[in-house]
Amino acid sequence: MKRSVMLALAAAVTAALFFVASSKPGAASGAGTMGNKGSATKALEATAKLESRSGSSVTGEAEFTEKKDGVEVSIQIKGAKPGTHGVHLHDKGDCSAPDASSAGGHFNPASKAHGSPTADPHHAGDFGNITVGANGTGKLKITVKGLTVAPGPNSVVGHAVVIHADTDDMKSQPAGNAGARVACGVVQAESK
Ligand code: CU
Ligand code: ZN
Numbered sequence: 056m057k058r059s060v061m062l063a064l065a066a067a068v069t070a071a072l073f074f075v076a077s078s079k080p081g082a083a084s085g086a087g088t089m090g091n092k093g094s095a096t097k098a099l100e101a102t103a104k105l106e107s108r109s110g111s112s113v114t115g116e117a118e119f120t121e122k123k124d125g126v127e128v129s130i131q132i133k134g135a136k137p138g139t140h141g142v143h144l145h146d147k148g149d150c151s152a153p154d155a156s157s158a159g160g161h162f163n164p165a166s167k168a169h170g171s172p173t174a175d176p177h178h179a180g181d182f183g184n185i186t187v188g189a190n191g192t193g194k195l196k197i198t199v200k201g202l203t204v205a206p207g208p209n210s211v212v213g214h215a216v217v218i219h220a221d222t223d224d225m226k227s228q229p230a231g232n233a234g235a236r237v238a239c240g241v242v243q244a245e246s247k
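Encoded structure:
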């Protein structure tokens with residue numbers, strides 16, 4: 056008699072625990088809350104790890120966050136020479152060459168001329184310059200219209216962030232006369 060009561064109690068507790076576990080937020084609430092089909096799995100953030108090229112000691116990271124008015128690009132570098140350095144998204148997601156030439160030209164899906172990210176015309180991949188202080192570190196935060204993180208013709212994913220030795224003059228063609236490619240990193244989608 057006692058034994059059967061214990062068993063029934065154990066079964067009830069197990070059922071209650073199962074119910075709690077299966078109704079936890081996140082376990083079953085994924086469907087229906089995100090509007091667009093498939094958006095629950097669509098990454099809206101991407102990152103690139105910047106590695107030294109052309110014999111430099113520049114390293115860093117880039118983060119891309121899709122916003123309503125474009126993509127917010129946040130880049131941090133260290134080990135760089137003080138001053139301003141051109142920054143671009145290059146077409147090919149290939150940083151394998153010692154001078155990063157494998158990354159190709161600037162990402163330019165609209166076939167525009169090189170320029171400033173805040174004026175027309177410019178390549179979609181023109182991010183302007185990053186300013187590096189006396190300690191060798193620099194930060195750049197810019198929101199670039201016309202880019203996406205989500206898949207599509209203007210997505211940043213699969214292209215390469217390149218930091219240059221010199222300043223991008225934002226007018227010389229085809230790349231702003233920014234000199235050697237001192238760091239490079241391929242942009243990869245972040246799955247959250
Ligand atoms: Cu470049
Ligand atoms: Zn350009």
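Add 55 to a position in the sequence shown, counting from 1, and you land on the number used in the numbering used here. In this text, a Cβ means the ideal position worked out from N, Cα and C, and glycines have one as well.
- Message: Please classify Asp146 as buried or exposed, where buried requires at least 16 other C-beta atoms within 10 Å of its C-beta.
- Response: Asp146 counts as buried, since no fewer than 16 other beta carbons sit within 10 angstroms of its beta carbon.
- Task: Please state whether DSSP places Ala215 in a helix, a strand or coil.
- Result: Correct three-state label for Ala215: strand.
- Query: Hey, would you say the C-beta of Ala238 is under 8 Å away from at least one heavy atom of the ligand CU?
  - Reply: No, the Cβ of Ala238 stays beyond 8 Å of every heavy atom of the ligand CU.
- Message: Pull the bridge partners of Gln243 from the DSSP assignment, please.
- Response: Residue pairing by DSSP places Gln243 opposite Thr102 in a beta bridge.
- Give the DSSP bridge partners of Asn184, in chain order. BP columns for Asn184 point to Gly141.
- Item | Asn163 classed as buried or exposed, judged by whether at least 16 other C-beta atoms fall within 10 angstroms | Taking all protein chains shown into account, Asn163 has 16 or more neighbouring C-beta atoms within 10 Å of its C-beta and is therefore buried.
- Buried or exposed (CB count within 10 angstroms, at least 16 for buried), Ala71: Per-residue confidence for Ala71 stands at a pLDDT of 43, beneath the threshold of 50, marking its modelled position as unreliable; no derived number is given.
- Task: Flag Pro164 as yes if its beta-carbon sits less than 9 Å from any beta-carbon of chain D, otherwise no.
- Result: Structure shown: chain D not included; a single protein chain is present.
- Have a look at Ser109 and Val237 and give me their C-alpha separation to the nearest angstrom. Rounded to whole angstroms, Ser109 to Val237 spans 5 Å at the Cα level.
- Message: Let me check you understand the geometry: is the CB of Pro153 closer than 8 Å to at least one non-hydrogen atom of the ligand ZN?
- Response: In this structure, the C-beta of Pro153 stays at least 8 Å away from each heavy atom of the ligand ZN.
- Message: Can you tell me where the beta strand (DSSP E) holding Gly193 begins and where it ends?
- Response: Looking at the DSSP string, the run of the beta strand (DSSP E) that includes Gly193 is 193-199.
- For Ser129, which three-state DSSP category applies? Residue state for Ser129 is assigned as strand, using DSSP reduced to three classes.
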